[in-house]
Amino acid sequence: MKSSIAVLAALAGSSYAHNIFQELYPITDMTPNDIICNGGINPYRTPLPTDIITVPAGATVTTEWHHTLAGANSADGDDPISPGHFGQVMVHLAKVDISLTTTVTGLKWFKIYEDCLDSSSVWAVTRLVNKGKVAAKIPSCILGGNYLLRAKLIALYGASSYPDVQFYLECAQINVTGGGSVSPATVSFPGAYLGSDPGVTINIYWPVVTSYTIPGPRLFTC
320 MKSSIAVLAA LAGSSYAHNI FQELYPITDM TPNDIICNGG INPYRTPLPT
370 DIITVPAGAT VTTEWHHTLA GANSADGDDP ISPGHFGQVM VHLAKVDISL
420 TTTVTGLKWF KIYEDCLDSS SVWAVTRLVN KGKVAAKIPS CILGGNYLLR
470 AKLIALYGAS SYPDVQFYLE CAQINVTGGG SVSPATVSFP GAYLGSDPGV
520 TINIYWPVVT SYTIPGPRLF TC
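Take 320 as the starting number for the sequence shown in our numbering and just add one per residue.
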């Protein structure tokens, strides 16, 4: 399916900066570097963006997902994404010297947001479909400076065997102001997930899933 994501950073409660990026096809193999910030079958659009979103530590960044770059479309039954793409949503950060870097290999990532299956057996993607937006708080205690923000949706509707899981992901450039002195524990991509992980290869239809093991690192909190 076609998918695009617009990232909006809330500033001072009422003004916004934005960075738009596009993905046409899901990533299914977790071993290439495409699992970091996309690429491969989804080549970077040119010219490359030069926007860096300034976000105060402790503020909220909202990722807004839509079926096409045209944005919200109530007449499109697949906007923001096909409702059958049950799965989870995550947001990671990686500290970089400059956010405009196109070299994403070797970066160290930590998770600042996760949503998956709730106690009512409703998936994160179902909640995403209702609004098309996911709000993630930038931890107030992390070091200030440039980061890449990695927004990711994992669709599990066909994930009973590997590599049939679908990753929809992109990275945006942000600059965190303020902050503290904490350096969170990190993981690397590729490598943080395995095809054998129960949160990656899973039949969500039978037996009916009532609990779910989120793959990858734990959620970081200050």
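Quick reminder that beta carbons are idealized off the backbone N, C-alpha and C, glycines included.
Identify which residue in GLY518, THR540 and TRP442 has its Cα closest to the Cα of THR505. THR540
Assign LEU468 to one of two classes, buried (16 or more other C-beta atoms within 10 Å of its C-beta) or exposed (fewer than that). By the neighbour-count criterion, in which a residue is buried when 16 or more other Cβ atoms sit within 10 angstroms of its Cβ, LEU468 is buried.
In angstroms, rounded to a whole number, what distance separates the CA positions of ASP398 and LYS452? 11 Å
Looking at LYS450: is its Cβ nearer than 8 Å to the Cβ of GLY535? Not closer than 8 Å, so no.
Can you give me the C-alpha to C-alpha distance between GLY377 and SER500, rounded to a whole angstrom? 13 Å
Do the CB positions of GLU383 and LEU538 come within less than 8 Å of each other? Against a cut-off of 8 Å, the Cβ pair of LEU538 and GLU383 comes out as no contact.
Which of the three DSSP states, helix, strand or coil, is assigned to ALA329? Note that ALA329 has pLDDT 40, beneath the 50 cutoff, so the model's placement of it is unreliable and the number below is only indicative. Looking at ALA329 - three-state DSSP - the assignment turns out to be strand.
Whole-number beta carbon distance between THR421 and LEU475, since they are thought to touch under 8 Å: Contact between LEU475 and THR421 does not hold, since their C-beta atoms are separated by about 30 Å, which reaches or exceeds 8 Å.
Should the stretch 486-499 be called in touch with the stretch 457-466, which here means at least 3 C-beta pairs below 8 Å? Output reads yes: the stretch 457-466 touches the stretch 486-499.
Drop a sphere of 10 angstroms on the beta-carbon of ALA413, count the other beta-carbons inside from all chains shown, and report buried for 16 or more, exposed for fewer. buried
Starting from ASP353, trace the alpha helix (DSSP H) in both directions and tell me its first and last residue. 353-356
Could you pull out every unbroken beta strand (DSSP E) segment of at least 3 residues lying fully inside the stretch 425-495, listed in chain order? Counting whole runs of 3 or more residues, the stretch 425-495 contains the beta strand (DSSP E) stretches 428-434, 452-456 and 464-474.
LEU513: which of ALA454, SER480 and GLU489 sits nearest, CA to CA? Nearest to LEU513 by C-alpha distance, out of ALA454, SER480 and GLU489, is SER480.
Option in TYR524, VAL380, TRP525 and THR373 with minimal Cα separation from HIS411: VAL380
Beta-bridge pairing of LEU412 - partner residues as DSSP gives them: Answer is PHE429 and LEU468, bridged to LEU412.
Alpha-carbon spacing of PHE405 relative to THR347, whole angstroms: 15 Å
Using the rule of at least 16 other Cβ atoms within 10 Å of the residue's Cβ for burial, across every protein chain shown, is SER418 buried or exposed? buried
Helix, strand or coil, according to DSSP, for LEU538 in the structure here? strand
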